[in-house]
Amino acid sequence: MLPKPSASIGSISKVSAPLISSYLKELCYNPNNANYIHSRRIFEGILYPCVKTKKHYVSGPGGKVHSVRVPFHEHKEMEISDYFSALGYVLTYSTRTASFIQLIHLLSHYAEWCRVSSFVLGINTPTVVQMLFDDPPSSKLTPFHTLAHHGYGNKFKFSLASSISAGKGEGREDVRSSRISALQSVWPHHLIHPTPVQRAHASAGIGYGRSSIETSAELFGTPWGHCGESVSFPSMHQSITSGHPLGTLALSVKAMNCVIPGTNTIPVQTIPFLTSITDIIELLKVAGALRPMCLNCLYLRNNARGCIQDYATKYSVSGDNVG
Ligand SMILES: [Zn+2]
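With the first letter of the sequence shown counted as 1, position 7 gets the number 7 in the working numbering; the numbers rise by one all the way through.
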């Protein structure tokens, strides 16, 4: 079962801090939540205080970002240190079983709740939500649309995560470094500096000039720790390094929450009603919502010899035949 309300919340102006808190509480304390002991810790340690104080992180002693350590699939002690990662975590465990289509519904739901939450918290919305998932072997044998009604059972693993709240903001560098340390705590491979995205910007002549390179400066290309993958990759690091087939799908939060020009359609409001993968892909394409992996994430994947198929790329190039 997907969390309620699984349908769209409709108008953003109806959303308030108490509504968000009660929704999140229901999600985390629900017995259907496969991980409710840890989801409850995330609610009490991050989600609730964030909504109460209207910040995307919780200040700990000495003004440092407070994080909560929880098991996240293959990472036994993942450090969750911001509201949006916490939201992705509790949504990941909000359902015990789901078909692939329901997972895309859930990803869309996550995009919507990132938007409404940032409205209530008064901060910038993360730009991208991302899902990393077991790529079922059957998808290689069967036309993809026939997976529409395919339930994968309890063993089907997926992780939801978002990029860091966009723009400048207090605490975001600390959130970023806690993500990097979560990644490095399980990642056997070296992270290069500057990052591949920063290198690409530098070689295109953007940003650096003659001054020394500032590794975290986002204006000069994406630093490590920014993308949702910096949370989802450590959560499934054994699968990645063992070459287990995985898929990733990233969506633009803005494109998912805006009216598609020339229509009355807002993707997050329409997707809950779509039951055909072909229709969903068509909508994501028309909305311009598909976001391919960035060079940093490709570097992480390739360096670990991971077998991760990028579904945003796959869907972007696909026509009617999405198999
Ligand atoms: Zn990336």
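Even glycine gets a Cβ: it sits at the ideal position worked out from N, Cα and C.
- Rounded to whole angstroms, Ile80 and Pro234 show a C-alpha spacing of 12 Å.
- For Ile192, the three-state secondary structure derived from DSSP is coil.
- Sequence-distant Cβ neighbours of Thr127 in its own chain, meaning closer than 8 Å and more than five residues away, are Ser163, Ala166, Ser252, Val253, Lys254.
- DSSP places Met293 outside both helix and strand once states are collapsed to three, so it counts as coil.
- In the three-state DSSP reduction, Ser165 falls in the coil class, being neither helix nor strand.
- Residue list for ligand 1: Cys227, Cys294, Asn296, Cys297 (CB closer than 5 Å to any heavy atom, chain order).
- Shown here for Pro245: same chain residues with a beta carbon closer than 6 Å to its own, the five before and five after excluded, namely Asp135, Cys307 in chain order.
- Three or more beta-carbon pairs drawn from the stretch 26–44 and the stretch 90–99 are found closer than 8 Å, and the two stretches are therefore classed as touching.
- Counting C-beta pairs closer than 8 Å gives fewer than three between the stretch 271–284 and the stretch 292–307, which falls short of the contact rule.
- Boundaries of the alpha helix (DSSP H) harbouring Phe119: 100–121, taken from the DSSP string.
- Approximately 24 Å separates the beta-carbon atoms of Ala17 and Val70; this is outside 8 Å, ruling out the contact.
- Within the same chain, and ignoring the five residues on either side of Ala111 in sequence, the residues whose Cβ sits closer than 7 Å to its Cβ are Val129, Leu251, Val253, Met256, Asn257, Val268.
- Here Thr270 is not near Tyr311, since their CB atoms are 8 Å or more apart.
- For Asp279, the enclosing alpha helix (DSSP H) has its first and last residue at 277–287.
- Going by DSSP, Leu251 is part of the beta strand (DSSP E) stretching over 245–252.
- In chain order, Ile281, Leu290 place their CB closer than 6 Å to the CB of Tyr315, counting only its own chain and leaving out the 5 sequence neighbours on each side.
- Rounded to the nearest angstrom, the Cβ distance from Thr97 to Cys114 is 24 Å, too far for a contact under 8 Å.
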